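Everything in the sequence shown is counted per UniProt numbering, starting at 1 for the first residue and increasing by one. Read through the structure below, which is laid out as structure tokens, and then see the notes.
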Amino acid sequence: MFGFDSTQAKRRQGPRGKFDLPLLVALVGLACVGVVMVASSSISVADSSHLGQFYYLKRHLLYLSIGLVAAGVAMRTELKVIEKHAFFLMLVAFIMLLAVFVPHFGMKLNGARRWLNLIVTSFQPVEAVKLILVVYLASYLVRHRESIETRFLGLIKPLAIAGVMVLLLLAQPDFGSATLIIAVTIAMVWLGGARPIFLFIMGLPLMPLLAIAATSESYRMKRLTSFMNPWAHPFDDGFQLTQSLMAIGRGEWMGVGLGSSVLKLSYLPEAHTDFIFAVIGEELGLFGVIAVMSLFALTVWRGLHVGLKGVEIGQRFAGYIAFGIALMLGLQTMVSIGVNLGALPTKGLTLPLISYGGSSIVLTCAMAGVMLRATFEIYRALDARHMATRVPAASASDANPANAREREAVAA
Numbered sequence: 001m002f003g004f005d006s007t008q009a010k011r012r013q014g015p016r017g018k019f020d021l022p023l024l025v026a027l028v029g030l031a032c033v034g035v036v037m038v039a040s041s042s043i044s045v046a047d048s049s050h051l052g053q054f055y056y057l058k059r060h061l062l063y064l065s066i067g068l069v070a071a072g073v074a075m076r077t078e079l080k081v082i083e084k085h086a087f088f089l090m091l092v093a094f095i096m097l098l099a100v101f102v103p104h105f106g107m108k109l110n111g112a113r114r115w116l117n118l119i120v121t122s123f124q125p126v127e128a129v130k131l132i133l134v135v136y137l138a139s140y141l142v143r144h145r146e147s148i149e150t151r152f153l154g155l156i157k158p159l160a161i162a163g164v165m166v167l168l169l170l171a172q173p174d175f176g177s178a179t180l181i182i183a184v185t186i187a188m189v190w191l192g193g194a195r196p197i198f199l200f201i202m203g204l205p206l207m208p209l210l211a212i213a214a215t216s217e218s219y220r221m222k223r224l225t226s227f228m229n230p231w232a233h234p235f236d237d238g239f240q241l242t243q244s245l246m247a248i249g250r251g252e253w254m255g256v257g258l259g260s261s262v263l264k265l266s267y268l269p270e271a272h273t274d275f276i277f278a279v280i281g282e283e284l285g286l287f288g289v290i291a292v293m294s295l296f297a298l299t300v301w302r303g304l305h306v307g308l309k310g311v312e313i314g315q316r317f318a319g320y321i322a323f324g325i326a327l328m329l330g331l332q333t334m335v336s337i338g339v340n341l342g343a344l345p346t347k348g349l350t351l352p353l354i355s356y357g358g359s360s361i362v363l364t365c366a367m368a369g370v371m372l373r374a375t376f377e378i379y380r381a382l383d384a385r386h387m388a389t390r391v392p393a394a395s396a397s398d399a400n401p402a403n404a405r406e407r408e409a410v411a412a
């Protein structure tokens, strides 16, 4: 009637993006599991410290609320804005990593300098550094694509930046986060097109350095040896792992019931943080463990799947962002679960979106928001491509011979 059809109307509105629904469902599911399990695992810890039974739960909900706001802002921010400030964000990351060594500003807890004193609360910079590193690497891979793919020297800058970060983390010390950053950096550079032989040559010097770092401190050596046979010293070096294994073993198939864990009653150290997965195994059993692991698997799979699709259609920055964040969350989850199961030496890495921890919860939510934004822009680019190749309805009708003959008969 007015000279355009529904296809033309949609074309005038422009391409539409959408957030990846399975990814969003998995992330929300993990956050909900986290609220329930922090409530269950922290009551005895808070009560024994005379803080009130729901002290940690209230703080967890507060951190989660702040994280949801951060995720919402990230989901509404165009990635080109983040990409534009990638270098500045990297400078901020290095400043934060150095700030932990400043007296009175950097906090030393349990022999490690990993926190900043913000007066009202503490902040762990490495949680923000993880996201900033992914953003910077994605930006670098877009800007230096040809150099990464064809030249050995093209790998030096990103790997050197990651190497400096690793040295600062080892000085805190934070061996777990340092290893995580190395793995994500190598994986993202490989995705950017770097030749495997170049990565192998660059990685050769890192192997002895990591071995030296892992064995240079006596407490790290104890961790390496105790996880191989924790029952040899069940009340000393192997105490955490033996308690974790007993908790998981008690869960059997269906678990002992939500809230009915025994090992969380001052037996299992860090039950609401590093070893919350053991409490999940005890209370929810094998089926609960499989359900939680399935949510993590879905999160990582959707991030990798949509990210690789973004790289294929030319949305490289969004694709690298989705890939890098999915990989970061996936590797941290594997390490956290591996520690709880005794497959890896004890590391201070939380279970993303589930463990209690202000910095971890807020920054993981922000990370999830950026990943969801990446999926939105990738789907928007796909819609634009479909619109560009779609045949308008009017043109298709004109091209139909039967319709053309009908119009000629009416005109006659």
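Just so it is clear, CB atoms sit at the ideal spot from N, CA and C, and this is done for glycine as well. Keep in mind it's a predicted model, so treat the numbers as computed, not measured.
Query raised in the report: When you compare each of Ala178, Gly163, Leu241 and Arg373 to Glu78 by their alpha carbons, which one comes out closest?
Result: Arg373
Query - Any 3 or more C-beta pairs closer than 8 Å across the region 14 to 29 and the region 293 to 312 - result: yes
Query raised in the report: From this set, Trp253, Val279, Leu258 and Gly319, which residue's C-alpha is nearest Leu245's C-alpha?
Result: Val279
Query raised in the report: Should the region 85 to 96 be regarded as contacting the region 320 to 330, the criterion being three or more beta carbon pairs within less than 8 Å?
Result: no
Report task. Given a cut-off of 8 Å, decide if Leu349 and Val335 are closer than it, judged by their beta-carbon atoms. Result -> yes
**Report entry** Touch test, the region 39 to 51 against the region 101 to 113, Cβ-Cβ under 8 Å, three pairs minimum
**Finding:** no
**Report entry** Short Cβ contact (8 Å threshold) for Leu167 with Val126
**Finding:** no
Query raised in the report: Looking at the unbroken beta strand (DSSP E) that takes in Asn117, where does it start and where does it end?
Result: Ala112 to Asn117
Report task. Please determine, among Val370, Lys347, Leu353 and Phe287, the residue with the shortest C-alpha to C-alpha distance to Tyr63. Result -> Leu353
**Report entry** Beta-carbon spacing of Arg316, Pro15 below 8 Å
**Finding:** no
Query raised in the report: Which value, in whole angstroms, describes the spacing of the CA atoms of Asn229 and Gly29?
Result: 35 Å
Query raised in the report: Does the Cβ-Cβ distance between Val129 and Met96 come in under 8 Å?
Result: yes
Query raised in the report: Near Val100, which residues of its chain fall below 8 Å by C-beta distance, leaving aside the five closest residues on each side in sequence?
Result: Gly106, Met107, Arg113, Arg114, Trp115, Leu116, Pro125 and Gln172
Query raised in the report: Grouping DSSP H, G and I as helix and E and B as strand, with all else coil, what is Phe152?
Result: coil
Report task. Flag this pair as yes or no: are the beta carbons of Val189 and Leu155 separated by less than 8 Å? Result -> yes
Report task. Round the Cβ separation of Gly369 and Ala71 to the nearest angstrom and send it over; I've been treating them as touching at under 8 Å. Result -> 3 Å
Report task. Return helix, strand or coil for Leu109, following the three-state DSSP convention. Result -> strand
Query raised in the report: Ser65 lies in the alpha helix (DSSP H); which residues open and close that run?
Result: Tyr55 to Met75
Requested in this report: Compute the Euclidean distance between the alpha carbons of Ala162 and Gly257, then round it to the nearest angstrom.
Outcome: 44 Å
Report task. Give the secondary structure of Ser260 by DSSP, where H, G and I count as helix, E and B as strand, and everything else as coil. Result -> coil
Report task. Return the bridge partner residues of Phe123 from the DSSP annotation. Result -> Leu116
Requested in this report: Just tell me which of Gly285, Ala384, Tyr140 and Val292 has its CA closest to the CA of residue 464.
Outcome: Beyond the ends of the chain as shown, which are 1 and 412, falls residue 464; an answer cannot be given.
Requested in this report: Grab me the residues of Phe123's own chain with a C-beta within less than 7 Å of its C-beta, minus the 5 sequence neighbours each way, in chain order.
Outcome: Trp115, Leu116 and Ser359
Query - Of the listed residues Lys157, Ile212 and Asp237, nearest to Leu199 (C-alpha basis) - result: Lys157
**Report entry** Through-space distance from Gln243 to Arg250, alpha-carbon basis
**Finding:** 11 Å
Report task. Out of Val142, Trp231 and Gly338, state which residue places its alpha-carbon closest to the alpha-carbon of Leu191. Result -> Val142
Query raised in the report: Which two residues bound the contiguous alpha helix (DSSP H) that contains Ala86?
Result: Ala86 to Ala99
Query raised in the report: Does the Cβ of Thr364 have 16 or more other Cβ atoms within 10 Å, making it buried, or fewer, making it exposed?
Result: buried
Query raised in the report: Run through DSSP, which three-state label would Phe200 get?
Result: helix
Report task. Ignore the nearest five residues each way along the sequence and tell me which others in Trp231's own chain have a CB closer than 8 Å to its CB. Result -> Gly238 and Thr242
**Report entry** Three-way DSSP call (helix, strand, coil) for Pro230 in this model
**Finding:** helix
Query raised in the report: First and last residue of the alpha helix (DSSP H) that includes Leu191?
Result: Phe175 to Leu191
Requested in this report: Excluding the 5 residues preceding and the 5 following Ser139 in the sequence, name in chain order all residues of the same chain whose CB lies nearer than 7 Å to its CB.
Outcome: Glu83, Ala86 and Phe317
Query raised in the report: Using the rule of at least 16 other Cβ atoms within 10 Å of the residue's Cβ for burial, across every protein chain shown, is Glu252 buried or exposed?
Result: exposed
**Report entry** Cα-Cα separation between Ser40 and Ile248, rounded to whole angstroms
**Finding:** 15 Å
Query raised in the report: Which ranges does the alpha helix (DSSP H) cover as unbroken runs of at least 4 residues, wholly within the region 354 to 391, from first to last along the chain?
Result: 358 to 389
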